[in-house]
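Its first residue numbered 17, the sequence shown is counted upward by one per residue in our numbering.
Only one structure is covered here, and it is reproduced in the block below.
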Amino acid sequence: PTDPTPLWSQLAQRLRELVATGRLAPGDPVPSVRVLARQLTLNPATVSKALQALVAEGVSTVRRGEGTFEAPDPPRMSDQQRRQALAKAAFGYAVQARTLRASLGEAQDALAQQWAQLDQNRGEP
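This is the structure in structure tokens:
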């Protein structure tokens, strides 16, 4: 509850992460608004806003009468967009690591371990 980011934005980011790690592949169905809302104990309007944001970004597509699916060819970020997104994520990680009073070496080790785990498990935790 200390994260000031709106819940819909947090959910959209989590779904982006599932796509990035391969847990949601291009063409995979996204659970319905009702199912996600129930599973995550969120208001359906919050879930709907997150899914609408992903559709607007081209990460997901809507098939009338079928539901929401991961885009078969998700949009690619420009190098500048990728660097900005990486810097933002790195900043968040650095803040969290400092809050935990971790040294730079500990933070780097933890990141390297998670990176290796993603490689080993193909994105599955």
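Think of the CB as a built atom: it goes at the ideal place given N, C-alpha and C, for glycine as much as any other residue.
No experiment lies behind these values; they were computed from the predicted model shown.
Cβ-based neighbour list, residue i, same chain, cut-off 7 Å, excluding 5 preceding and 5 following
| i | result |
| --- | --- |
| Pro60 | Val49, Arg50, Ala53 |
| Ala113 | Ala123 |
| Ala118 | none |
Classification of residue i by the beta-carbon crowding that lies within 10 angstroms, buried from 16 upward
| i | result |
| --- | --- |
| Ala28 | buried |
| Leu116 | exposed |
| Arg32 | buried |
| Ala66 | buried |
| Leu70 | buried |
For residue j and residue i, believed in contact at Cβ under 8 Å, the rounded distance
| i | j | result |
| --- | --- | --- |
| Ser76 | Phe85 | 7 Å |
| Thr57 | Leu23 | With 8 Å as the limit, Thr57 and Leu23 do not qualify as a contact, their Cβ atoms being about 11 Å apart. |
| Gly43 | Pro90 | In fact, because the Cβ distance is near 10 Å, the residues do not count as touching under 8 Å. |
| Pro45 | Gly83 | 6 Å |
Between the CA atoms of residue j and residue i - distance to the nearest angstrom
| i | j | result |
| --- | --- | --- |
| Leu136 | Arg30 | Contrary to the premise, residue 136 reads as Gln rather than Leu in this sequence. Gln136 and Arg30: Cα-Cα distance of roughly 20 Å. |
| Tyr109 | Val78 | 33 Å |
| Ala101 | Thr21 | 16 Å |
| Gln55 | Gln26 | 15 Å |
| Gly38 | Ala132 | 15 Å |
| Val40 | Val111 | Note that residue 40 corresponds to Leu in the displayed sequence, not to Val. Roughly 28 Å separates the two Cα atoms. |
| Gly121 | Pro47 | 39 Å |
Proximity test, residue i beta-carbon vs the ligand SAM heavy atom, cut-off 7 Å
| i | result |
| --- | --- |
| Thr62 | The ligand SAM is absent from the structure shown, which contains no ligand whatsoever. |
6 Å Cβ shell around residue i - same chain, five flanking residues per side excluded
| i | result |
| --- | --- |
| Leu34 | Leu40 |
What runs of the alpha helix (DSSP H), each 4 residues or longer, lie entirely inside the region 57-108? 60-73
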